[in-house]
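If you read the sequence shown in our numbering, its first letter stands for residue 348, the second for the next number, and so on. Glycine included, C-beta positions come from ideal geometry on N, C-alpha and C.
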Amino acid sequence: MRAVSAGRRPARAARVFLRFGSTFGSGRIKGRAKPERGSGFGREACMPVVSDVAVVLRRIEYSETSQVLGLFTRGHGQARVIAKGAKRSTRSRFSPGIDLLEEGQVSFSMRTDRSEGLSTLTEWKQTRSFGGLREKLERLAAGQYVAETTLMMTVEGDAHALLYDALTSALQSLCDGAAVLETTTGYQRALLESAGAWPRLDACVVCGRGSGLTYFSSLEGGMVCRDCEGVRVEKRVVAGPTLEMLRRLECGGDAGSSGGEEVLVRMFDVLDYHIAHLAGREATSASMLVPSGRRRVT
Numbered sequence: 348m349r350a351v352s353a354g355r356r357p358a359r360a361a362r363v364f365l366r367f368g369s370t371f372g373s374g375r376i377k378g379r380a381k382p383e384r385g386s387g388f389g390r391e392a393c394m395p396v397v398s399d400v401a402v403v404l405r406r407i408e409y410s411e412t413s414q415v416l417g418l419f420t421r422g423h424g425q426a427r428v429i430a431k432g433a434k435r436s437t438r439s440r441f442s443p444g445i446d447l448l449e450e451g452q453v454s455f456s457m458r459t460d461r462s463e464g465l466s467t468l469t470e471w472k473q474t475r476s477f478g479g480l481r482e483k484l485e486r487l488a489a490g491q492y493v494a495e496t497t498l499m500m501t502v503e504g505d506a507h508a509l510l511y512d513a514l515t516s517a518l519q520s521l522c523d524g525a526a527v528l529e530t531t532t533g534y535q536r537a538l539l540e541s542a543g544a545w546p547r548l549d550a551c552v553v554c555g556r557g558s559g560l561t562y563f564s565s566l567e568g569g570m571v572c573r574d575c576e577g578v579r580v581e582k583r584v585v586a587g588p589t590l591e592m593l594r595r596l597e598c599g600g601d602a603g604s605s606g607g608e609e610v611l612v613r614m615f616d617v618l619d620y621h622i623a624h625l626a627g628r629e630a631t632s633a634s635m636l637v638p639s640g641r642r643r644v645t
């Protein structure tokens, strides 16, 4: 056995410390030691660190001190990161971690191979908390729906700057007391347009006729007339007032200026149905925003 001089500790595995400031924002690497052969630190050290602005769309408590976050960034699209030590408190500072539906300046090590797992968060500084969302339950439900559908319809590394702007605008509008369903349907439109999946509403997507449009088919990509709907299995009835409101929304008009609350509910439901069909699953938060008993009404 090799002798160790007094007062000197044996060599140990290299450690990398992540130190967080008062807002979990001044995060920076305190020291970078040479990694051991075979450890994962070598690959992590070679990863490019990117800086961007982001909104937290998903939060999972990973351990007593860490969190796994689903972010939507303006310049790099969706990102899945692990925030190591985000909830680590000290005697002088309590750290609750990073909250859902807040915006901040972010830096993280981007993995070149996304199949390998999570990127590592190195810095987070909150810029907007969107605290008004928590003042009313319906606002929070709308915020959660907007967040969930964004994750459903976007992929990692695919940037959508205009969609990011629409997302933050919708969250801020909800905070400021804007009409909840009106704001949500406006974001549904932005989300579908960003994905290139806004449905055709002016004519039948099968034959091109502009009359007799009574059915909506997500698979076909829009309205279907009476003559063409017979052989389509996937379809749902859309009433005339609902179709009129959808056309108004498509043209950038005020969806809440006519038709009333029930037509807004039906319009929301048609667009939510379309999003669910495209994404392959329903948004669980939709029933929190609009109870199922009020939906699927023709």
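Asked	Found
Mapping the DSSP letters down to three states, classify Leu468 as helix, strand or coil.	strand
Buried or exposed: which applies to Cys554, given that a residue is buried once 16 or more other Cβ atoms fall within 10 Å of its Cβ?	exposed
Per DSSP, what kind of secondary structure is Tyr620 in: helix, strand or coil?	helix
For Leu528, which of Tyr562, Tyr511, Leu596 and Glu540 has the nearest alpha-carbon?	Leu596
Cutting at 8 Å between CB atoms, please list the residues of its own chain near Ala353, excluding the five before and the five after it.	In this predicted model, Ala353 has a pLDDT of only 48, less than 50, meaning its place in the structure is not dependable enough to derive any value.
Which term fits Leu321, buried or exposed, when burial requires 16 or more other beta carbons within 10 angstroms of its beta carbon?	As displayed, the chain neither begins before 348 nor continues past 645, which places residue 321 out of reach and without an answer.
Hey, Val552 and Val571 are a contact pair by Cβ (cut 8 Å); roughly how many whole angstroms apart?	6 Å
Could you give the residue range of the alpha helix (DSSP H) that holds Cys522?	Ala508 to Cys522
Just the Cα atoms here: how many angstroms apart are Arg406 and Ser413?	10 Å
Find out if the Cβ-Cβ distance for the pair Gly490, Leu521 is shorter than 7 Å.	yes
If we ignore side chains and look at the alpha-carbon of each, how far apart do Phe419 and Lys582 end up?	32 Å
Return the chain-ordered list of same chain residues with a C-beta closer than 8 Å to the C-beta of Gly479, the five sequence neighbours on each side being excluded.	Arg486, Leu521, Cys522, Asp523 and Gly524
Can you give, in chain order, each stretch of the alpha helix (DSSP H) that sits fully within the stretch 516-597 and has at least 4 residues?	527-541 and 587-597
Count the other CB atoms, across all protein chains shown, that sit within 10 Å of the CB of Leu509; report buried if there are 16 or more and exposed otherwise.	exposed
Taking the CB atoms as reference points, tell me whether Ala506 and Ala537 lie closer together than 7 Å.	no
Counting only the same chain and skipping the five closest in sequence on each side, list residues whose C-beta sits under 6 Å from that of Ser476.	Glu449
If you draw a straight line from the alpha carbon of Gly607 to that of Pro588, how long is it in whole angstroms?	10 Å
Is the CB-CB distance between Pro395 and Met457 below 7 Å?	yes
Among Thr467, Arg427, Ala494 and Lys431, which has the Cα closest to the Cα of Leu447?	Ala494
Quickly, what does DSSP pair Gly432 with across the bridge? List them, please.	According to DSSP, which records beta bridges pairwise, Gly432 is partnered with nothing at all.
Please tell me whether Tyr492 and Leu404 are closer than 7 Å, where the distance is taken between their beta carbons.	no
Using DSSP with H/G/I as helix, E/B as strand and the rest coil, what is Ala633?	helix
Between which two residues does the beta strand (DSSP E) holding Gly490 run?	Here Gly490 belongs to no beta strand (DSSP E); instead the alpha helix (DSSP H) covers Leu484 to Met500.
Could you give the distance in angstroms between the alpha-carbon of Ala633 and the alpha-carbon of Asp616?	9 Å
By how many angstroms is the C-alpha of Gln535 removed from the C-alpha of Gln452?	25 Å
Sort Pro638, Thr474, Ser564 and Gly569 by Cα distance to Arg579 and report the nearest one.	Ser564
Is Val415 near Phe455, with beta carbons less than 7 Å apart?	no
Can you tell me the Cβ-Cβ gap for Val610 and Met592, rounded? I've got them flagged as a contact below 8 Å.	5 Å
Taking the alpha carbon of Ala401 as the point to measure from, which residue in Gly464, Tyr511, Tyr409 and Glu503 has its own alpha carbon closest?	Tyr511
Kindly indicate which residue of Thr631, Gly417 and Gly599 has the alpha-carbon position closest to the one of Gly504.	Gly417
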